[in-house]
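S.K.: Okay, here's the structure, questions in a sec.
Chains as they are written, first to last, in the numbering used here: chain A, 1 to 472; chain B, 1001 to 1345.
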């Protein structure tokens, strides 16, 4: 005992002697030894020639002149291929699942004489919501994700992060957030999963919380439809296509602006003291393994996200049908709720129908427009439109949609604020669930869910008041 | 329908109130919470600490000097000191105030908590170094002895805080490194920074702005009453004597290894090659481990291979991999001077 005490006090004495960098010197020594041993033991292939090609590509894609144009061109191409390429299969799926599958199921229900409420609940509610999500969601994701993964596999994406890091670092974020944000244009849930590539805890959390500001594929159709009906209609017909497209791009850019603002705010307030490191490896280029990439991106990204969306959409469809068909007093639950939300909806330049639709459609942004149309037809007595209460629908022509919305009291302000609210509101439940799985924190999941909603309410509120002051 | 002008004004009033209450640091809510936290115990501990520092610097404590440094009313101070005397922590002799053994032990306990917390903030969090002192001032009053010991254990029982001050052991032992202030250090001799005083803040800010760090190797080139000119990690720095006074320097330690003349990796031009000399002491915690993992260890060859279109970050070729680092990280990686003559060895 005496002896060990003596040793311990000697140790303590010596600890002062060796100085504070003793541990570091030791670690550095271990690393140096390891690298020396590795250098002797590992034989390297003659990779000289290969490397020169890499350097040449790098010189071009990160150059001052070509760096940014190449990046924008590739992004625009990917988005264009996705949007135009998805049109045809989307229409086909729509035709198959809603045009043919839906009447077929209805008939079958009659044949086996199911009671009307069970048919409504199962077919009009659950089936229709699932069909909608699949038809709108599957084709763009099945195109976007493989394209994105191919660029990733080729080795180009880390260069994008490299090019853009300076801009993101100004907002306290990581250059790789450019990639997770782009992934968010496809699907926010996939974007949140993609933040795993950011190894710094603080920057990863920022990327997760702000991913929802990237306008996802489920919201593009809403933007395009409302942009065309309300913004495009302001100008002569030959310009309307261009103007409505510009308005949608404007909303997407607004989302990017909010990504930076919120990232900056987070990194300078609540996340100020979190651990932050930056490293970015620029791996060598390699020819993408095409089929393997397509296969894994379909399995890993597309189907997992689609499956989660279907699981969440099914009960949503059931709830939508139920609130429209269960009556309290003279009105359905939906009509009561719409009346209840109308006051607040008016305050932020929207209306009760939109707010109820956004609550019912938390599981999937894809069913927002069908729900809005169904609820509007139900409340404002658009007789002869739609297939009955609680049955979501869409018009073939935009004129008919516009007519119904105008009948529901919609103005230019309603359209504009809907576009903004569609960008700035809570993430869909699939994304919320994914955020929880990735952060394992109820606190950050709550922040990520409510922050965009609060921002959205504030922005639409200000627009509505300013609009009413100046436009009467 | 609510009048839009009224609604908008109401909204901005609410926004303003929330901002005034909760804005970072200066919000009324935080100030109020801070006021609640600063009770008798906090004040007493601050007084103990101040007397300790005064005695350590070779001065004696007095009511007047304490009032000057602590920024509280005389009335309050007198009350606290009377309480401390009756507890047997200090003894007063006319205007002189000095620590009893018990008070000395207590003060060392607080200092241990303070310096360990600074070490913790430096190594385990991303808190900016300008805020370490401020946050440790608060934490030192809240931590219990058990918590402090656990903290020391989890940090690997460190002996020096990030400013270069010794951390007392749980038994209260502490050794200062023999050092002099920078203006008094002999010209042309190789030394290193052992301590940077973090108070007063205005001078500390100036030192940080020059990128000076504890552990950095320096050599004084010129020293007179108007300015001190010296080199630090390959860069020339000029300071006024007042600022330089807050930097303490020691000769190279016997046990330490002489580092060759070094400069920063961020200064390596595109296409140039050099060898890693080491990582700056300022590179801490997760950042340090990450860089070591990537192969930024002494002796490794490194080449600047790419610059992003906006100039920052830049990519460095190390061990056959291309790794991008931001400028503030590359500032912390030291490389050998080209055509360098090794000192000392």
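C-beta: ideal position from N, C-alpha, C; glycine also.
(1) With a CB to CB cut of under 7 Å and the five nearest residues on each side skipped, what residues in its chain are close to residue 1183 (chain B)?
(2) Are the segment 166-176 of chain A and the segment 254-269 of chain A in contact at 8 Å, needing three or more beta carbon pairs?
(3) Using a Cβ-Cβ cut-off of less than 8 Å, list which residues of the segment 1322-1337 of chain B approach chain A; keep chain order.
(4) When you measure from the CB of residue 1020 (chain B) to every non-hydrogen atom of the ligand MG, does any distance come out below 7 Å?
(5) Return the CA-CA distance between residue 1047 (chain B) and residue 1108 (chain B), expressed in angstroms with no decimal places.
(6) Run through the DSSP bridge pairs and tell me what residue 1219 (chain B) is partnered with.
(7) In this structure, does DSSP put residue 241 (chain A) in helix, strand or coil?
(8) Beta-carbon of residue 1011 (chain B) versus every beta-carbon of chain A: anything under 8 Å?
(9) In whole angstroms, give me the CA-to-CA distance for residue 1204 (chain B) and residue 1212 (chain B).
(10) Could you give the DSSP three-state label for residue 1135 (chain B): helix, strand or coil?
(11) At which residue ranges does the segment 1167-1211 of chain B contain complete beta strand (DSSP E) runs of 3 or more residues, listed in the order of the chain?
(12) Along the chain, where does the alpha helix (DSSP H) containing residue 468 (chain A) start, and where does it finish?
(13) Less than 8 Å between the CB atoms is what I'm expecting for residue 398 (chain A) and residue 225 (chain A), so what's the real figure, rounded?
(14) For residue 57 (chain A), which of helix, strand or coil comes out of DSSP?
(15) At 9 Å on the CB atoms, spell out the chain A contacts of residue 1294 (chain B), in chain order.
(16) Going by beta carbon distance, what residues of the same chain come within less than 8 Å of residue 1097 (chain B), once the five residues before and after it are set aside?
(17) Rounded to whole angstroms, what is the Cα-Cα separation between residue 347 (chain A) and residue 454 (chain A)?
(18) Give the secondary structure of residue 1042 (chain B) by DSSP, where H, G and I count as helix, E and B as strand, and everything else as coil.
(19) Could you work out which residue in B:1331, B:1034, B:1216 and B:1077 is closest to residue 1190 (chain B) when comparing CA atoms only?
(20) Per DSSP, what kind of secondary structure is residue 1156 (chain B) in: helix, strand or coil?
(21) Does the structure place the segment 292-311 of chain A close enough to the segment 183-193 of chain A that three or more beta carbon pairs sit under 8 Å?
(22) What separation, rounded to the nearest whole angstrom, lies between the Cα atoms of residue 125 (chain A) and residue 102 (chain A)?
(23) Does the distance from the C-beta atom of residue 69 (chain A) to that of residue 293 (chain A) stay below 8 Å?
(24) Identify whether residue 164 (chain A) lies in helix, strand or coil by the three-state DSSP scheme.
(25) When you compare the CB positions of residue 1301 (chain B) and residue 1332 (chain B), do they come within less than 8 Å of one another, or not?
(26) Should residue 1209 (chain B) be labelled buried (16 or more other beta-carbon atoms within 10 Å of its own) or exposed?
(27) State the start and end residues of the unbroken beta strand (DSSP E) segment that holds residue 1295 (chain B).
(28) Check whether the Cβ atoms of residue 401 (chain A) and residue 356 (chain A) lie closer than 8 Å to each other.
(29) Under 8 Å, Cβ to Cβ, is there at least one residue of chain A near residue 1007 (chain B)?
(30) If you draw a straight line from the alpha carbon of residue 1161 (chain B) to that of residue 1295 (chain B), how long is it in whole angstroms?
(31) So for residue 331 (chain A), helix, strand or coil by DSSP?
(32) For residue 1098 (chain B), report the span of its beta strand (DSSP E) as first-last.
(33) Assign residue 1279 (chain B) to one of two classes, buried (16 or more other C-beta atoms within 10 Å of its C-beta) or exposed (fewer than that).
(34) Checking contacts by CB at 8 Å: is residue 1002 (chain B) closer than that to chain A?
(35) What alpha helix (DSSP H) runs, 4 residues minimum, are completely inside the segment 1064-1112 of chain B?
(36) Determine the closest residue to residue 1124 (chain B) out of B:1330, B:1287 and B:1308, with distance taken between C-alpha atoms.
M.R.: With the given structure in hand:
(1) 1223, 1228, 1241, 1244 and 1245
(2) yes
(3) 1322, 1323, 1324, 1325, 1326 and 1329
(4) Of the ligands one can find in the structure shown there are none, so the ligand MG has no counterpart to examine.
(5) 13 Å
(6) B:1190 and B:1231
(7) helix
(8) yes
(9) 10 Å
(10) helix
(11) 1190-1196
(12) 442-471
(13) 7 Å
(14) helix
(15) 279 and 281
(16) 1051, 1060, 1061, 1062, 1063, 1066, 1081, 1090 and 1091
(17) 14 Å
(18) helix
(19) B:1216
(20) coil
(21) yes
(22) 11 Å
(23) no
(24) helix
(25) no
(26) exposed
(27) Here residue 1295 (chain B) belongs to no beta strand (DSSP E), and DSSP marks it neither H nor E.
(28) no
(29) yes
(30) 27 Å
(31) strand
(32) 1096-1099
(33) buried
(34) yes
(35) 1074-1086
(36) B:1287
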